[in-house]
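To start, the structure itself, in structure tokens.
2 protein chains.
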Amino acid sequence: MTDQLYVVLLGTGAAAPSLSRGLPALAIVREGKIILCDCAEGTQLKLLQAGLSPAKVQTICISHLHGDHIFGLPGFLTSQQLFGRTASLTIYGPPGLADFVDMVATISKYELGYPLDVVELEPDVTSEFKVQEFQVTSKNLRHSSPCLGYRFHESNKPGKFDEVKADALGIPFGPQRGQLQSGVVITVAGKTIYPCDVMAPPIAGRIITYCTDTRPCTAALELARQSDLLIHDSTFSDAYADRAAPTFHSTSREAAEIAAGAQAKKLILWHLSIRVHGEEELNLLTQAQQLFPNTVLPHDLDEIYLRRGAGE
Amino acid sequence: MTDQLYVVLLGTGAAAPSLSRGLPALAIVREGKIILCDCAEGTQLKLLQAGLSPAKVQTICISHLHGDHIFGLPGFLTSQQLFGRTASLTIYGPPGLADFVDMVATISKYELGYPLDVVELEPDVTSEFKVQEFQVTSKNLRHSSPCLGYRFHESNKPGKFDEVKADALGIPFGPQRGQLQSGVVITVAGKTIYPCDVMAPPIAGRIITYCTDTRPCTAALELARQSDLLIHDSTFSDAYADRAAPTFHSTSREAAEIAAGAQAKKLILWHLSIRVHGEEELNLLTQAQQLFPNTVLPHDLDEIYLRRGAGE
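As given, the protein sequences belong to chains G and Z, one line each in that order. Numbering of the first sequence is given in the numbering used here, commencing with residue 1 and proceeding in unit increments. Numbering of the second sequence is given in the numbering used here, commencing with residue 1001 and proceeding in unit increments.
Encoded structure:
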């Protein structure tokens, strides 16, 4: 199916793996290509369990260098080598990421046979870059180490070409119709015709925002603005709210405040503490839903599909 | 149950994890304490899946520094920190191991709150050391990087004290009987009495030998001598035998030759290539069993119990 965009929540836990939740990693899947957000220990296996080929990962966006977000990277890189990858791979993340990749490679003596590009993003400024059909924005969140939030904004899709209107305006079949569809103004029999005269309005691209490991902050709010999907740190329920500030994490209620403030369409509670099971799952969810009803408490390998222009 | 000794085959695969096999790690469990052999990506989760507490791991023996044997170590160490471990942990392995642990800690900025002792073993000599009730011997195997095999030889258990014989010899109840049980020679009414006069012969300790990632070699043969359980590299079946030498691995037939030559009691085929599933499992197993019938082709989380003095 074309134009399909979905997210697979590979690992929804935090800090240490449990029998029910793996460590943080998330796959954004669009037209068979995968962007990975974080690469915790176990991520390469989670991809297989999700039916996703690790070879389709073209880009990895690392939030920060705490072990529970990066310790799967060495294994991912070496397995790709083993399976004969030739396609390039780009990894974005905070300063220190290139050293981590280099040092691990030095010790375990692996050499990659595919192009690997490690791009360190300056945490103190807003970065903008393009990944496939997405305009990506990253900003430093508020954690105990530099931690990047990422906003993935898909390109708009041109609206439908209206054949009836084009016929009525006397536009001949041929290249001029193509020009209008490409956004070019044309002239027919001395009359100026604008693309909007024959095209439906563009269909907005979808927005996914990934903000793990953070206190509620302005950067998260800005990144999350009008997102179709906001994945936000919700390590604790209200019962453990006193632990959120000293550990630089958020409660689910605080995540919901960001989602509401940013007018996001859907919130995924993320980076769930090992305590979050049984009734505590319900606590986390209901506390968020009081402020932001369209909140999901996820489980590993859940898939979330996003429709264009379809706020739920 | 006292005197119980068993091995849990946490990860029976090689190089990259698959849906059916995890990467190499093996737990030796004796009286609630665990020795871990290798610590691949995913090992901490495998321990949980096996119902074993990672906190019970007191010793880790690393074979070599290839990623598929050590990339679970950083996560294991940091998770133990998170769960408030205070007990010390000792890790044995080849030179470079301490650098690996230090460098990963530097990048991801973790500080361990429990005593960690990294002991680098010189690969070119035979090392001998004591771990719990085991006398451990390590030797360099034959792989593309220094790779240690480990032999774990449990202490002998004293034979049963024979009350009837003791009575007949006129040994009074009290400390002298205890002395005999501790191996001390005593004198009763001017007559010398040796422990063997009243004690059944000692019951031999069990021997487990772990030789992963190696060509067949003398070191493996020596380590495996009279083992109750030999875990030996069997990456390939005969069909891929031409790949064994250049990659410094063994076929299952070669593993069986070592087991037979060393007069081991049981062989576990280990470090199984990702190709080993379906009929290829049967090939691997039957090719080994032609030479060494008591061979097991394992699956992840299999448990192997060892009886004292019970050759199967």
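Heads up, the beta-carbon is just placed ideally off N, CA and C, and yes, glycines get one too.
Item: Alpha-carbon to alpha-carbon, Ile35(G) and Gly1311(Z); Value: Confidence is the limiting factor: at Gly1311(Z) the pLDDT is only 44, short of 50, which leaves the residue's position unreliable, though a coordinate-based value still follows. Roughly 54 Å between the two C-alpha positions.
Item: Proximal residues of chain Z, C-beta to C-beta of Ser79(G) below 7 Å; Value: Ala1016
Item: Simplified DSSP state of His69(G), which is helix, strand or coil; Value: helix
Item: Cross-strand partners of Val188(G) (DSSP beta bridge); Value: Lys191(G)
Item: Alpha carbon of Val1101(Z) to alpha carbon of Leu1121(Z), nearest angstrom; Value: 15 Å
Item: Three-state secondary structure (DSSP) of Gly149(G); Value: strand
Item: Near-chain G residues of the segment 1068-1092 of chain Z - C-beta to any C-beta below 8 Å; Value: Asp1068, Ile1070, Phe1071, Gly1072, Pro1074, Gly1075, Thr1078, Ser1079, Leu1082, Phe1083
Item: Chain-order list of residues whose beta-carbon lies under 6 Å from that of Ala200(G) (same chain, five-residue window excluded); Value: Gly159, Lys160
Item: Arg308(G) versus Glu31(G) - alpha carbon distance; Value: 14 Å
Item: Classification of His1232(Z) by the beta-carbon crowding that lies within 10 angstroms, buried from 16 upward; Value: buried
Item: C-alpha gap between Pro1298(Z) and Leu1065(Z), whole angstroms; Value: 24 Å
Item: Phe1100(Z) at chain G interface by Cβ criterion, 9 Å; Value: yes
Item: Cβ contact check for the segment 272-282 of chain G and the segment 162-175 of chain G: 3 or more pairs under 8 Å; Value: no
Item: Lys37(G) versus Ser1145(Z) - alpha carbon distance; Value: For the record, residue 37(G) in the displayed sequence is Cys; it is not Lys. Taking the straight line from one Cα to the other gives about 33 Å.
Item: Alpha carbon of Ile70(G) to alpha carbon of Leu1112(Z), nearest angstrom; Value: 18 Å
Item: Outcome for Thr235(G) when other beta-carbon atoms lying within 10 angstroms are tallied against a minimum of 16; Value: buried
Item: CB contact below 9 Å: Glu280(G) versus chain Z; Value: no
Item: Closer than 9 Å to chain Z by CB, Lys266(G); Value: no
Item: Any 3 or more C-beta pairs closer than 8 Å across the segment 148-167 of chain G and the segment 256-264 of chain G; Value: no
Item: Three or more C-beta pairs below 8 Å linking the segment 1124-1138 of chain Z and the segment 1007-1016 of chain Z; Value: no
Item: CB of Arg206(G) within 9 Å of CB of Leu48(G), strictly; Value: no
Item: Residue nearest to Leu73(G) in terms of C-alpha spacing, selected from Ala1189(Z), Thr1090(Z), Ser1108(Z); Value: Ser1108(Z)
Item: Where Tyr110(G) meets chain Z, residues with beta-carbon distance less than 7 Å; Value: Gly1067
Item: Own chain residues within Cβ distance below 6 Å of Arg225(G), not counting five before or after; Value: Ala262
Item: Spatial distance of Val1136(Z) from Ala1264(Z) (CA atoms); Value: 17 Å
Item: Span separating the alpha-carbon of Gly22(G) from that of Lys139(G); Value: 26 Å
Item: The ligand SAH heavy atom lying under 8 Å from the CB of Ile107(G); Value: The ligand SAH is absent from the structure shown, which contains no ligand whatsoever.
Item: Unbroken stretches of the beta strand (DSSP E), 3 residues or longer, contained in the segment 19-83 of chain G; Value: 25-30, 33-37, 57-61
Item: Gln1290(Z) classed as buried or exposed, judged by whether at least 16 other C-beta atoms fall within 10 angstroms; Value: exposed
Item: Chain-ordered chain G contacts of Gly1013(Z) [CB-CB under 9 Å]; Value: Ordered by position in chain G, no residue passes the 9 Å Cβ test against Gly1013(Z), which lies about 11 Å from the chain.
Item: Spatial neighbours of Ile186(G) in its chain, beta-carbon cut-off 7 Å, leaving aside the 5 residues before and after; Value: Gln176, Gln179, Leu180, Ile193
Item: Proximal residues to Arg243(G) (C-beta, below 7 Å), its chain only, five neighbours per side dropped; Value: Phe236
Item: Check whether Ala1040(Z) and Ser1273(Z) have beta carbons under 9 Å apart; Value: no
Item: Thr137(G), enclosing beta strand (DSSP E) - first and last residue; Value: 134-140
Item: Three-state secondary structure assigned by DSSP to Asp1242(Z); Value: helix
Item: Chain-order list of residues whose beta-carbon lies under 6 Å from that of Ile1091(Z) (same chain, five-residue window excluded); Value: Ile1060, Val1118
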